[in-house]
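For the sequence shown, counting from 1, position 4 maps to -13 in the numbering used here; every step adds exactly one. Every residue gets a Cβ at the ideal spot worked out from N, C-alpha and C, and that includes glycine. As the structure is a prediction and not an experimental result, all values here were calculated from the model. Scroll down for the structure; my scribbles are underneath it.
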Amino acid sequence: MNSYVKIAITGGPSGGKTTLIEALKKELGQKCAIVPEAASILYRGGFPRYKEAPAMIHAQKAIYFTQRELEELICIVSKKNLIVCDRGSLDSVAYWPDSEAHFFSAMQSSKEKEFARYDWVIHLDTASLEFYDTTNPIRTETFQEAWDLNDKIKKAWEGHPRRVIITHNEDFLSKMTTSLAVIHAIMAHKSADEIKKEILQC
-16 MNSYVKIAIT GGPSGGKTTL IEALKKELGQ KCAIVPEAAS ILYRGGFPRY KEAPAMIHAQ
44 KAIYFTQREL EELICIVSKK NLIVCDRGSL DSVAYWPDSE AHFFSAMQSS KEKEFARYDW
104 VIHLDTASLE FYDTTNPIRT ETFQEAWDLN DKIKKAWEGH PRRVIITHNE DFLSKMTTSL
164 AVIHAIMAHK SADEIKKEIL QC
């Protein structure tokens, strides 16, 4: 049994993942370790980005395996009780140009194996049109493409026993406050049902 809790922060583009992770760094400091987003590392490093299906498959395979190695590395060397991942492995399913079954076959994995990699999954919904952030140079999606990806990512993680969905809020600060409250509740060993009832009120 792992001595740490591992959380995947996921969701569509412009959902607030980066902002939340930066807030966690400031609030929790040395209490947590962050696994950086594999896609950002690869694309900022010059990995080719094409729209053709074969190219998308190669890109998502590179992201998936980079993500896996980053997670294993941080879990081994950090010795922290809380590991926070900037995206999770199943996000790649949303960008995969073929079926989910084809994805798992290509990765020699299964949904159950990928679920088991994360103790918790926190999904941050993409912001509404008026709040959609276009300043990120890595982000190439239109607002509609971002919303479609948000739905695909939700579907990819459907069935995880400890998934919390934080919907878009007109007040972005409230969304971040809720997200931080969820993580503090996880650290306090609250159940998914308790978190949904006490914090999300659903």
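message = Mapping the DSSP letters down to three states, classify K(-11) as helix, strand or coil.
response = Numbered from its first residue, the sequence shown carries residue -11 at position 6. The answer is strand: DSSP assigns K(-11) an E or B state.
request  = Kindly indicate the opening and closing residues of the alpha helix (DSSP H) around W130.
outcome  = Counting from 1 along the sequence shown, the entry for residue 130 is found at position 147. From DSSP, the alpha helix (DSSP H) with W130 extends over 126 to 139.
Runs of alpha helix (DSSP H) lying entirely within the region 33 to 64, each at least 4 residues, in chain order = List check, alpha helix (DSSP H) in window: 36 to 61.
inquiry  = Could you compute how far the alpha carbon of I108 sits from the alpha carbon of K62?
reply    = In the sequence shown, counting from the first residue as 1, residue 108 sits at position 125. In the sequence shown, counting from the first residue as 1, residue 62 sits at position 79. Per the sequence presented here, residue 108 reads as Asp, with Ile not at that position. Looking at the two C-alpha atoms, the distance is approximately 30 Å.
Sequence-distant residues of the same chain with beta carbon closer than 8 Å to I(-10), five excluded per side = The residue given as residue -10 occupies position 7 in the sequence shown. Cβ within range, chain order: L65, I66, V67, C68, Y101, D102, W103, V104, I105, I166, I169.
task = Decide if P37 is buried, meaning its Cβ has at least 16 other Cβ atoms within 10 Å, or exposed.
result = The residue labelled residue 37 in the question sits at position 54 within the sequence shown. The residue is exposed, with fewer than 16 neighbouring Cβ atoms inside 10 Å.
task = Let me know if P144 comes out buried or exposed under the rule of 16 or more other beta-carbons within 10 Å of its beta-carbon.
result = Along the sequence shown, one-based indexing puts residue 144 at 161. Its Cβ having fewer than 16 others within 10 Å, P144 is exposed.
request  = Would you list the one or two residues that DSSP bridges to H106?
outcome  = Position 123 of the sequence shown holds residue 106. According to DSSP, H106 bridges with T(-7), I148.
key: Proximity winner among K158, Y47, K179, relative to T2 (alpha-carbon distances)   = For this step, residue 2 is matched to residue 19 along the sequence shown. Nearest of K158, Y47, K179 to T2, Cα basis: K158.
message = At the level of alpha carbons, what is the spacing between L183 and E97?
response = By one-based count along the sequence shown, residue 183 stands at place 200. By one-based count along the sequence shown, residue 97 stands at place 114. Between the alpha carbons of L183 and E97 lies a gap of roughly 26 Å.
task = Would you identify the three-state DSSP class for I182, choosing helix, strand or coil?
result = By one-based count along the sequence shown, residue 182 stands at place 199. Looking at I182 - three-state DSSP - the assignment turns out to be coil, as it is neither helix nor strand.
task = Output the distance between the C-alpha atoms of T118 and A89, rounded to the nearest integer angstrom.
result = Here residue 118 refers to the residue found at position 135 when the sequence shown is read from its first residue. Here residue 89 refers to the residue found at position 106 when the sequence shown is read from its first residue. So the alpha carbons of these two residues sit roughly 33 Å apart.
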